[in-house]
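In order, the protein sequence lines correspond to chains E and S. Residue 201 is where the first sequence starts when you use the working numbering, and the numbers rise one by one after that. Residue 201 is where the second sequence starts when you use the working numbering, and the numbers rise one by one after that.
2 protein chains.
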Amino acid sequence: MGQTESGHEIHWDSGPRGALTKGPAPMEAVLQAAAVCGGMDVVSILKKRRKEISRFELETEANRKADYPKTFEKLKIIYRLGGDGITLGEIEKAVKLSWEKYCSVVNMMIPNVEVEYRVELLEEKSV
Amino acid sequence: MGQTESGHEIHWDSGPRGALTKGPAPMEAVLQAAAVCGGMDVVSILKKRRKEISRFELETEANRKADYPKTFEKLKIIYRLGGDGITLGEIEKAVKLSWEKYCSVVNMMIPNVEVEYRVELLEEKSV
């Protein structure tokens with residue numbers, strides 16, 4: 201069990217693919233942290249531009265090198281979001297800014313890992 | 201809320217130092233993941249050598265660069281463990297092997313982050 205500086209516990213575990221485990225494996229958490237790190241930047245960048253996000257989903261894809269230490273080879277993060285007046289271009293600008301300037305997790309892995317992102321606009325309407 | 205491939209949820213959050221948050225921040229989780237990743241290696245290496253660990257603590261210290269993207273500048277992981285017949289030299293060998301060969305999280309951050317470790321042997325006896 202790990203205790204973070206902010207006082208939260210993470211129950212770490214690891215096992216073969218499909219095995220029943222009690223918590224996330226380290227590399228799973230790093231993958232999510234990379235997505236969430238950039239996702240938090242995007243929220244704060246759009247907030248500063250007075251854009252209200254109504255829905256935000258992050259999806260990750262990664263594959264690992266065959267040889268030890270089996271680091272990620274490629275990592276892809278999909279930012280899927282929408283909200284009143286938000287355009288695909290604005291999402292792209294925010295994500296770019298996050299990756300180029302703010303996101304610590306992603307920037308610690310470059311160039312060891314080939315990272316790419318994809319932005320998607322969610323438009324919805326109640327009828 | 202993030203769902204990992206292994207089916208676990210992480211409630212991510214972030215706030216200024218000391219703020220009340222609902223879960224770990226991305227960089228906190230990466231720091232722990234780096235320690236746990238190597239820690240799991242050490243457990244498995246010592247197990248293969250038929251050494252029984254009775255206690256294992258991991259401690260991390262890190263500081264971040266002042267400028268964005270504020271990646272970790274230095275990261276230190278302390279491996280503190282003990283068990284029947286385990287020597288400081290064996291812990292050191294296992295940790296070295298983990299860092300040089302197995303630990304994916306640490307190896308993704310090198311050389312962006314200056315990483316170092318310290319090993320400590322816990323000896324105890326009931327009297």
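Each residue gets a CB set at the ideal place from its N, CA and C atoms; glycine is no exception.
The criterion of a C-beta distance shorter than 9 Å is satisfied by Met-227(E) and Val-305(S). In terms of Cβ geometry, Leu-258(S) and Leu-322(S) do not form a close pair [threshold 9 Å].
Across the stretch 212-244 of chain S, CB contacts with chain E closer than 7 Å involve Trp-212, Ser-214, Thr-221, Gly-223, Pro-224, Ala-225, Pro-226, Met-227, Glu-228, Ala-229, Val-230, Gln-232, Ala-233, Val-236, Cys-237 and Met-240, in sequence order along the chain. When the Cα atoms are used, Lys-247(S) and His-211(E) turn out to be separated by approximately 21 Å. As far as DSSP is concerned, Lys-325(E) takes part in no beta bridge. Linking Val-242(E) to Glu-261(E) through their CA atoms gives a straight-line distance of about 19 Å. For secondary structure counted as the alpha helix (DSSP H) over 4 or more consecutive residues, the stretch 202-265 of chain E holds these complete runs in sequence order: 226-248.
Residues of chain S whose Cβ lies closer than 7 Å to the Cβ of Phe-256(E) do not exist, since the nearest Cβ in that chain is about 11 Å away. Counting the other Cβ atoms within 10 Å of the Cβ of Leu-231(E) gives 16 or more, which makes it buried. Interface criterion met: the Cβ of Lys-270(S) is under 9 Å from a Cβ in chain E.
Of Pro-269(S), Arg-318(S) and Met-308(S), the smallest CA-CA separation from Lys-293(S) is found for Arg-318(S). Residue contact check for Asn-312(S) against chain E: a CB pair falls below 9 Å.
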